[in-house]
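Q: I have a structure here, written as structure tokens, and I will follow up with some questions on it.
Protein chains in written order, with our numbering: chain A, 843 to 1204; chain B, 843 to 1204; chain C, 843 to 1204; chain D, 843 to 1204.
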């Protein structure tokens, strides 16, 4: 889609509470009441109440139920839904986080609806499916960078400075995938399925940083090793239910109508409430959605205080980190319906991460 | 101890990071360097990195290692340490919470050390040991109320308005204790060992509310049922390693010297950062310690948003709640070395709880 | 269905390994290769790899994917599938248990296929949907007893002695269901969602015992209290994804053709390998399926040895119990593809439970 | 100690149930009743009810309480106890496993007490403390092999064929230890604290295999990689509370009196009940103790059936494996008071492990 065609578009974001991973009733209701046209939905980003780790089946379950609903409402096969809508479910609602869906629509703006300034713009990109041995490696970094650039063109976002959040759903390794590669004589980046989630998230984030010019070079040896390489807007989430990277770029663009804008900050550590508060104050208007990344600081400390997330064999560190950052942000925004996704490798500084806010213009 | 004898006293609070439940090296160091006299220690309140639930042995482990150290440094048997120092370990450092000890000392103030106004005052109280069938019932409520009053007299805190935090360690039921009662023909309040922690915390909190005049009557039928009955300063924590209630009252009192003061607020829900921020601003000076309670709101919602803490069979709700409130408060105080204790039954409103801050006078 | 109509029937049981809750490929393959006619499937019983507790969404996910497959292969709406096939997913593959599906078919026997003796017979029964306040109470007990009798008639199983396993899927209480009842002024049997699973399983098992004449009376006050009341063949499993009881009766019946037979024993405790070995030896032929129940002995002991299942706040006791009984039975049968379902309230003696084996006639 | 000096010795083994990691009352009772002389205790091996993973503090807690008891009863400082008694606590009583202590004593045999044949012999060995960067590497392998040989000489066990169980407690890496090494410019074998437990267990097992001639060479590159290298009698257990390897060799030796003998088998996989049953039948007499190792088969399968232990992010695979093997062995021995220790790297074949039984001579 050319930048020209972006004229006359309008972004819509619905934030819908769910009662479980299978709950599509709120979305069905919005469609049935005519609030949104299902054909305009380009992405759905959501939080589900699984563990957010390897054996989290709530992501696949929610994705399946959404595809079923959309296939029915659109009158098309489920396979076609996959080509039309990027569905990115992130598991884990630890602490007070509230399960919900963010439904992103690209509508045609009504005549005369030209906005006074840049407005929320949404772009979509997809990589090809990765082989198990490509996950966490150069192939994933490079393909992601290409797809991010394509998504920015799709959104009509001209400058990297106008891209405020790049959400990516990426694959992970399972026992079966590792063995499939082994049968072909291929070696995967790690034999630890849980660690493969980190590598996939890390390689994807480096792809974003490359595409946006935040870094010049992203060698595969840097993945989950050289933390100086990072993106301030990448948000990557690994799931067992897909093999390619699905990308949603959110930014502000000319030629988009409506009353939504987006801004972001980089939290320097997990408890950097000031960064989040600053975005909220810059943005001002009614809050529409908050998207953030969380991770346990790899140093084992937060502002010089020891944390226990990395030595806990009962609860994975990503679960602790989501609960923590969810608490910090809930204190700032007065709301627990926050998209906080775990595993912030190369997404902001070690232990910190990006937080983006979508609001209405004042 | 009479109010008169309170003259010439000074409260000291050391906040010491630990590297595990067995780590008494920082306290040993402070004693060995002459920073504190072990004979002045009246209470130690700490966070340990267990699960904070029934099978959390880190509380007993930390308590044992502290008793060993104090017995050695004081040159007395371990049993005598128990009579001198109230040791209250709270398990669970979920999210970013940092394991630490708060060591409370009552020193003799140097001559001429009279403070310009009320200063931090510390009082100690103990109930008799409870039988299993008394836990969560009238006997525990009444004995706690008596012991709180005794602790206030001990501290020279004249008015309930000057009591800002009443920390209680209380017992729980185990399979063995329930069976011991059954052999005597006695029936316990619950057969569910995890639930017994809630009942014990709840009855203890009602005892505080009675003692401070926050409520007039606390029938045993109200325990963990009538949430309108509550205390704004109680903080109760259940552990397997004791059978009585151990009580530490913190407040401001005349006749205490030094530069420490305490204040508190009641968080109306788990994300009430404003309440915490207000205390911090009222207090102003250097932060010395933060103590707070956390619980999953029993309604299943926070400000109208669903939370998943009560339906999670992998991680107990008290663990989620500590992580959440720890995040909210870390965002406010810029520090994760916070005493956040789970299970706030009758401690503040449902889903909320007290937060107390000790600081230096400006 | 009359006993007469049972003539000419043949039971088939397929045991299919799955790679996850969403994996219907093995069943699709069996249908597509013509091994089974999907129209003959009357029940699917399976193990999925969730936690088997309140927030186990793998049961609903597996059930949805099976319904989708069957609706497509049968060319009927999904709602019709629910009326045709009882789908009973049990979560939890702790220890070595291997996720799988048991597909039960009722085929028309080929002419001249009369068996030399009784053969595996399958009957299906359904109760009406229960209101939240009926779960764990008289209404559930009575309706279950009726439905079990109907299922036995459906199977042409004349005598209770020929019924060897009665599998029931029953509902549980969630926060939402409890609140819905409260809005109508109704009080539910428990406010603890996890405990509601036990009450629902217990009431359902008492319904089986009543139907089979194992007990004469089953007052609601006995549910999860009077362990002397029990069934030696009931196997009940609670799930969030349904509101009624779905019943599958397995026994041996005249008039059924084929080469399958079933037998069972009651394990007197969780480690009663002898009971399981005896069934295996009585049955003799090739092993087709094993179905068993597991629970932590409520006494806290197994043969006088303390177990820690009931005091563990990290892993629920049902998870420990499945792992344990799965290990005992894997040692006996040399196979981990076992249907071991947790929560054996009133199903066999406290801490024990039924184990049924389907095999080929020698 | 020379073989000659072994004459006149007698091994004693007490199996004592505990009510928690702090419970030394049964051992104190045995000492106080004169059943055993504390000066004869050379090793205590036990199961405690922690998670058996990185943050399992029950091992250290139990070890401390045992040292306190022995120091008091022996009238010596705690540091001297460490030199006299090898204390090896293994965390994790999943499934039905029952917490207990095995107390190994070396007594002087009464005159005329010469046994008719070889009897249980106990030898002790210790390595020096390891630096963090030596864990899981050559230094640990070589030092362990030396210490095992010393322990065999200590026991008077002449031939490797007479060594039936070599129990080793070995250290692990923590965040702090890794950082300490980094400050010295040293690189540790892994940055993953949980994985460090596997490497330490693996290197220690290879040391046993070397010492007993089961393998000729054990390069550090084989640790947790080349599963063809292994010992049939090693049992290694990692814990945070020590830095050296502590070794207890159990075998049958001439010159030992008493009525105890030991035998062992290697389970070919986790459900190899036949191997355990064969040992039990060979041994015959009264059962005194069972010691075994457990691990999730790294192939992801047991006898061709998929297991889910390695993809479970809620419960670590070592916990699943202990529950499973504990169930298999409880079915064989009719007892849950079994020492089943997790993590069987290079201890028996992948997914299997050694099982040793101590019994009374018939």
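Ideal Cβ positions, reconstructed from N, Cα and C, are used throughout, including at glycine.
Give, in chain order, every unbroken run of the alpha helix (DSSP H) that is at least 4 residues long and sits entirely within the segment 1035 to 1121 of chain C.
A: Runs of alpha helix (DSSP H) with 4 or more residues, each lying fully within the segment 1035 to 1121 of chain C, are found at 1035 to 1053, listed in chain order.
Q: For residue 1015 (chain C), does the three-state DSSP call read helix, strand or coil?
A: Here residue 1015 (chain C) corresponds to residue number 173 of the third chain, with the count starting at 1. Here residue 1015 (chain C) sits in coil by DSSP.
Q: Can you give me the Cβ contacts of residue 1169 (chain C) inside the same chain, cut-off strictly under 8 Å, excluding the 5 residues immediately before and after it?
A: As a position in the third chain, residue 1169 (chain C) is number 327, starting the count at 1. Closer than 8 Å at the Cβ level, and outside the excluded window around residue 1169 (chain C), lie 937, 938.
Q: Can you name, in chain order, every residue of its own chain whose Cβ lies under 8 Å from the Cβ of residue 974 (chain C), other than the five neighbours on each side?
A: Reading the third chain from its first residue, position 132 is the one you call residue 974 (chain C). Counting only Cβ-Cβ distances below 8 Å, and skipping sequence neighbours, we find 1015, 1019, 1020, 1022, 1023, 1028, 1030.
Q: Quickly, what does DSSP pair residue 968 (chain C) with across the bridge? List them, please.
A: If you number the third chain from 1, residue 968 (chain C) lands on position 126. Residue 968 (chain C) has C:1088 as its beta-bridge partners, per DSSP.
Q: Check whether the Cβ atoms of residue 963 (chain C) and residue 853 (chain C) sit closer than 8 Å, and answer yes or no.
A: On the third chain, residue 963 (chain C) is found 121 positions in, with the first residue counted as 1. On the third chain, residue 853 (chain C) is found 11 positions in, with the first residue counted as 1. One thing to note: residue 963 (chain C) has its Cβ within 8 Å of the Cβ of residue 853 (chain C).
Q: Measuring only the C-alpha atoms, how far is residue 1145 (chain B) from residue 892 (chain B)?
A: Translated into the one-based positions of the second chain, residue 1145 (chain B) becomes position 303. Translated into the one-based positions of the second chain, residue 892 (chain B) becomes position 50. If you take the alpha carbons of residue 1145 (chain B) and residue 892 (chain B), they lie about 30 Å apart.
Q: Would you kindly check if the distance between the Cβ of residue 1128 (chain B) and the Cβ of residue 1201 (chain B) is under 8 Å?
A: In the second chain, the residue the question calls residue 1201 (chain B) occupies position 359. In the second chain, the residue the question calls residue 1128 (chain B) occupies position 286. It is a contact, given that the beta carbons lie within the stated cut-off.
Q: So is residue 1196 (chain A) buried or exposed if we call it buried at 16+ other beta carbons inside 10 Å?
A: Within the first chain, residue 1196 (chain A) is the residue found at index 354, counting from 1. Looking at its Cβ environment, which holds 16 or more other Cβ atoms inside 10 Å, residue 1196 (chain A) is buried.
Q: Closer than 8 Å, Cβ to any Cβ of chain A: which residues of the segment 1074 to 1105 of chain B, in chain order?
A: none
Q: Examine chain C for any beta-carbon lying closer than 8 Å to the beta-carbon of residue 943 (chain D), and answer yes or no.
A: Counting from one through the fourth chain, the residue named residue 943 (chain D) turns up at place 101. No, residue 943 (chain D) lies away from the interface with chain C (no Cβ there is under 8 Å from its Cβ).
Q: Could you give the DSSP three-state label for residue 928 (chain D): helix, strand or coil?
A: As a working note, residue 928 (chain D) is residue 86 in the fourth chain. Reduced to three states, the DSSP call for residue 928 (chain D) is strand.
Q: Residues of the segment 919 to 945 of chain D with a CB closer than 9 Å to any CB of chain C: list them in chain order, please.
A: 935, 936, 937, 938, 939, 940, 941, 942
Q: For a cutoff of 8 Å on Cβ pairs, would you count residue 877 (chain D) as touching chain B?
A: As a working mapping, residue 877 (chain D) is identified with position 35 in the fourth chain. Taking Cβ atoms only, chain B never reaches closer than 8 Å to residue 877 (chain D), which makes this a no.
Q: Mind checking whether residue 1007 (chain D) and residue 1075 (chain D) have CB atoms under 8 Å apart?
A: As a working note, residue 1007 (chain D) is residue 165 in the fourth chain. As a working note, residue 1075 (chain D) is residue 233 in the fourth chain. Yes, the pair counts as a contact, with Cβ atoms nearer than the cut-off.
Q: Ignore the nearest five residues each way along the sequence and tell me which others in residue 909 (chain C)'s own chain have a CB closer than 6 Å to its CB.
A: The sequence position of residue 909 (chain C) within the third chain is 67, counting from 1. Here the set comprises 920, 923.
Q: Consult DSSP for residue 860 (chain D) and reduce its assignment to one of helix, strand or coil.
A: For the purposes of this step, residue 860 (chain D) is taken as residue 18 along the fourth chain, with counting starting at 1. In the three-state reduction of the DSSP assignment, residue 860 (chain D) falls in the coil class.
Q: Since residue 944 (chain D) is in the beta strand (DSSP E), which residue starts that stretch and which ends it?
A: Within the fourth chain, the letter at position 102 stands for residue 944 (chain D). Residue 944 (chain D) -> beta strand (DSSP E) spans 942 to 950.
Q: Looking only at its chain, what residues have a beta carbon closer than 6 Å to the beta carbon of residue 1078 (chain A), apart from the 5 residues adjacent to it on each side?
A: If you number the first chain from 1, residue 1078 (chain A) lands on position 236. The answer, listed in chain order, is 1010, 1012, 1043, 1046, 1047.
Q: Taking residue 1061 (chain C) as the reference, give the member of C:1081, C:987, C:1036 with the closest Cα.
A: Locating residue 1061 (chain C) in the third chain gives position 219, counting from the first residue. Ranking the options by Cα distance to residue 1061 (chain C), first place goes to C:987.
Q: Looking at C-alpha atoms only, which residue of D:1199, D:1189, D:863 is the closest neighbour of residue 1068 (chain D)?
A: As a position in the fourth chain, residue 1068 (chain D) is number 226, starting the count at 1. By alpha-carbon distance to residue 1068 (chain D), the top candidate from D:1199, D:1189, D:863 is D:1189.
Q: In chain C, what lies closer than 8 Å to residue 1039 (chain D) by C-beta?
A: On the fourth chain, residue 1039 (chain D) is found 197 positions in, with the first residue counted as 1. Under the 8 Å cutoff, chain C gives no residues; its nearest Cβ is about 18 Å from residue 1039 (chain D).
Q: State the beta-bridge partners of residue 1143 (chain D) as determined by DSSP.
A: Within the fourth chain, the letter at position 301 stands for residue 1143 (chain D). Looking at the DSSP assignment, residue 1143 (chain D) forms a beta bridge with D:1148.
Q: Quick check on DSSP: helix, strand or coil for residue 867 (chain A)?
A: Counting from 1 along the first chain, the entry for residue 867 (chain A) is found at position 25. In the structure shown, residue 867 (chain A) sits in a helix (DSSP, three-state: H, G or I).
Q: Note down the Cα distance separating residue 1083 (chain C) from residue 934 (chain B), rounded to an integer number of angstroms.
A: For the purposes of this step, residue 1083 (chain C) is taken as residue 241 along the third chain, with counting starting at 1. For the purposes of this step, residue 934 (chain B) is taken as residue 92 along the second chain, with counting starting at 1. Between residue 1083 (chain C) and residue 934 (chain B), the C-alpha separation is close to 33 Å.
Q: Would you grab the beta carbon distance between residue 1038 (chain D) and residue 977 (chain D) for me? Rounded to a whole angstrom, and I think it's under 8 Å.
A: Here residue 1038 (chain D) refers to the residue found at position 196 when the fourth chain is read from its first residue. Here residue 977 (chain D) refers to the residue found at position 135 when the fourth chain is read from its first residue. Contact holds; Cβ gap of about 6 Å.
Q: Measuring alpha carbon to alpha carbon, tell me which of D:930, D:879, D:864 ends up nearest residue 898 (chain B).
A: Stepping through the second chain from its first residue, residue 898 (chain B) is reached at position 56. If we check each option's Cα against that of residue 898 (chain B), D:864 comes out closest.
Q: Tell me the DSSP secondary structure of residue 1199 (chain B) in three-state form.
A: As a first step, residue 1199 (chain B) must be located in the second chain, where it is residue number 357. The answer is strand: DSSP assigns residue 1199 (chain B) an E or B state.
Q: Pick from C:940, C:900, C:881, C:894: whose alpha carbon is nearest that of residue 916 (chain C)?
A: As a working mapping, residue 916 (chain C) is identified with position 74 in the third chain. Answer by Cα proximity: C:881.
Q: Cβ closer than 7 Å: which chain C residues qualify as neighbours of residue 900 (chain A)?
A: To locate residue 900 (chain A), count along the first chain from 1; it is residue 58. Neighbours of residue 900 (chain A) on chain C, chain order: 899.
Q: By the 10 Å Cβ neighbour count, where 16 or more other Cβ atoms means buried, how is residue 894 (chain C) classified, buried or exposed?
A: Mapped onto the third chain, residue 894 (chain C) falls at position 52. Its Cβ being crowded by 16 or more others within 10 Å, residue 894 (chain C) is buried.
Q: Taking only the alpha-carbon atoms, compute the straight-line gap between residue 848 (chain D) and residue 1147 (chain D) and give it to the nearest angstrom.
A: One-based indexing of the fourth chain puts residue 848 (chain D) at position 6. One-based indexing of the fourth chain puts residue 1147 (chain D) at position 305. Any reading at residue 848 (chain D) is ruled out, since the residue's pLDDT is 44, under 50, leaving its predicted position unreliable.
Q: Could you confirm whether any beta carbon from chain B is found closer than 8 Å to the beta carbon of residue 1181 (chain C)?
A: Taking the third chain and counting its residues from 1, the one referred to as residue 1181 (chain C) is at position 339. No, because no Cβ of chain B sits closer than 8 Å to the Cβ of residue 1181 (chain C).
Q: Taking only beta-carbon positions, decide if residue 969 (chain C) is within less than 8 Å of chain B.
A: As a first step, residue 969 (chain C) is located in the third chain; it is residue number 127 there, counting from the start. No, residue 969 (chain C) does not count as interfacial toward chain B.
Q: Can you find a CB in chain A that lies within less than 8 Å of the CB of residue 1036 (chain C)?
A: By 1-based counting over the third chain, the position of residue 1036 (chain C) is 194. So, not an interface residue.
Q: Could you tell me whether the Cβ of residue 1022 (chain B) comes closer than 8 Å to any Cβ of chain D?
A: Your numbering for residue 1022 (chain B) matches position 180 in the second chain. Output row for residue 1022 (chain B): interface = no.
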